[in-house]
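Trainee: Structure below; questions to follow.
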Amino acid sequence: MRKQIAAANWKMNLTFQQGEKLLDDIFDAGIDLATHQQVIFAVPFPYLLMTRSETEEVKNYEVAAQNCSDKDSGAYTGEVSAEMLHSLAVNFCIIGHSERREYFGETNSLLSEKVNQCLKFNITPIFCCGESLAIRESGIQNEFVQTQLRESLFHLNEENIKRIVIAYEPIWAIGTGKTASSAQAQEMHAHLRSVLAKQYGNGIAKDISILYGGSVKANNAKELFGCPDVDGGLVGGASLVAKDFIEIIRSLK
Ligand code: PEP
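Numbering (my numbering), first residue to last: 59 to 311.
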């Protein structure tokens, strides 16, 4: 059975102390996760160890980095490698968030290298895809996300594709308060699963978690996560407020 996941993306927000308090407040809610559920905190690099030690005591709570280098090691000032993350026992990493694609020029082919780095060091990539408003308005969103998958993921063999989590994040819904309707989310998630099935077979496609991201809030999570092909969410703004994220965790199937 594929995992149902609530992933928090803190982006470049919160001081260390605010981050600690947020985690404490979330853990104070004492939510026990079922075996098929997972909560993942994608935090800034300097908070990884603190978050790892807070999460390692609690079943199915995990820590993620928000990015890693496409290179092994060397003279790349300011970069953090997948091997470094692995050495901190970080098991997840967001790859290809639309903000990194837009502000840091990350291309599908560069992202395929980052995916490879993660897998090489036993880190599960949370691979983001999703279209801009202009692409959606021109009606070619399905082809667009299919290309993102093909160019960044489809070099993987069956064993490795199973280790990926996908996050569908329509750019027009990120941080805008404009959520995709549950019908729009379900339609795209079903499309992504069919693209995966065509490439790798139904058996594999049905086991890959596909998260929705884009203005997931406490008051819409239940409906979105209730869609048959939506396996939880990647959450920005609402993950910074304990009571909202707690409600989002409680909305997991
Ligand atoms: C995100 O950062 O991935 C995101 C979906 O942000 P928000 O929930 O704020 O739209």
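Glycine is no exception: its CB is placed at the ideal position from the N, C-alpha and C atoms.
Pairs of beta-carbons, one from the region 93–107 and one from the region 126–136, closer than 8 angstroms: are there three or more?
Mentor: No, because fewer than three Cβ pairs between the region 93–107 and the region 126–136 fall closer than 8 angstroms, the two stretches do not touch.
Trainee: Would a C-beta distance cut-off of 8 angstroms place residue 72 and residue 80 closer than the cut-off?
Mentor: In contact: residue 72 and residue 80 (Cβ atoms closer than 8 angstroms).
Trainee: Output needed for residue 148: all residues of its chain with C-beta closer than 6 angstroms, excluding positions within five of it in sequence on either side, in chain order.
Mentor: Counting only Cβ-Cβ distances below 6 angstroms, and skipping sequence neighbours, we find 106, 121, 123.
Trainee: Is residue 231 near the ligand PEP, going by C-beta to nearest heavy atom under 7 angstroms?
Mentor: Answer for residue 231: yes, Cβ within range of the ligand PEP.
Trainee: Would you say the beta carbon of residue 273 comes nearer than 7 angstroms to a heavy atom of the ligand PEP?
Mentor: Yes, the ligand PEP has a heavy atom inside 7 angstroms of this Cβ.
Trainee: With DSSP as the reference, label residue 218 as helix, strand or coil.
Mentor: Residue 218 falls in the helix class under three-state DSSP.
Trainee: With a Cβ-Cβ cutoff of 8 angstroms, do residue 65 and residue 293 count as a contact?
Mentor: Contact: yes.
Trainee: DSSP beta-bridge partners for residue 270?
Mentor: In the DSSP output, where bridge partners are listed per residue, residue 270 has 226, 291.
Trainee: My output table needs one value for residue 120: the three-state DSSP class, helix, strand or coil.
Mentor: DSSP places residue 120 in strand when its eight states are reduced to three.
Trainee: At a cut-off of 7 angstroms, would you count residue 292 as near the ligand PEP, judging by its Cβ distance to the nearest heavy atom?
Mentor: Residue 292: yes, Cβ under 7 angstroms from the ligand PEP.
Trainee: Sort 200, 183, 184 by Cα distance to residue 191 and report the nearest one.
Mentor: The residue with the shortest Cα to Cα distance from residue 191 is 200.
Trainee: Assign residue 260 to one of three DSSP states: helix, strand, or coil.
Mentor: Residue state, collapsed to three classes: helix.
Trainee: Given the structure, does residue 154 come close to the ligand PEP, in the sense that its CB is under 7 angstroms from one of the ligand's heavy atoms?
Mentor: Residue 154: no, Cβ never under 7 angstroms from the ligand PEP.
Trainee: By the three-class DSSP mapping on this structure, what secondary structure does residue 104 have?
Mentor: Helix at residue 104.
Trainee: Below 7 angstroms, is the gap between the Cβ of residue 197 and the nearest heavy atom of the ligand PEP?
Mentor: Every heavy atom of the ligand PEP is 7 angstroms or more from the Cβ of residue 197, so no.
Trainee: Nearest to residue 142 by alpha carbon, out of 256, 175, 86, 217?
Mentor: Nearest C-alpha to residue 142: 175.
Trainee: Count the CB pairs spanning the region 226–244 and the region 175–185 that are closer than 8 angstroms, and state whether there are at least three.
Mentor: At 8 angstroms Cβ cutoff, the stretches do not touch.
Trainee: Are the CB atoms of residue 265 and residue 220 within a distance shorter than 8 angstroms?
Mentor: Going by C-beta atoms, residue 220 is nearer than 8 angstroms to residue 265.
Trainee: Please state if the CB of residue 193 and the CB of residue 347 are separated by a distance shorter than 8 angstroms.
Mentor: Outside the shown range of the chain, which is 59 to 311, sits residue 347, and nothing can be said about it.
Trainee: How far does the beta strand (DSSP E) with residue 174 in it extend, from its first residue to its last?
Mentor: Where residue 174 is concerned, there is no enclosing beta strand (DSSP E), although the alpha helix (DSSP H) it sits in stretches over 166–178.
Trainee: What separation, rounded to the nearest whole angstrom, lies between the Cα atoms of residue 304 and residue 125?
Mentor: Distance between the alpha carbons of residue 304 and residue 125: 25 angstroms.
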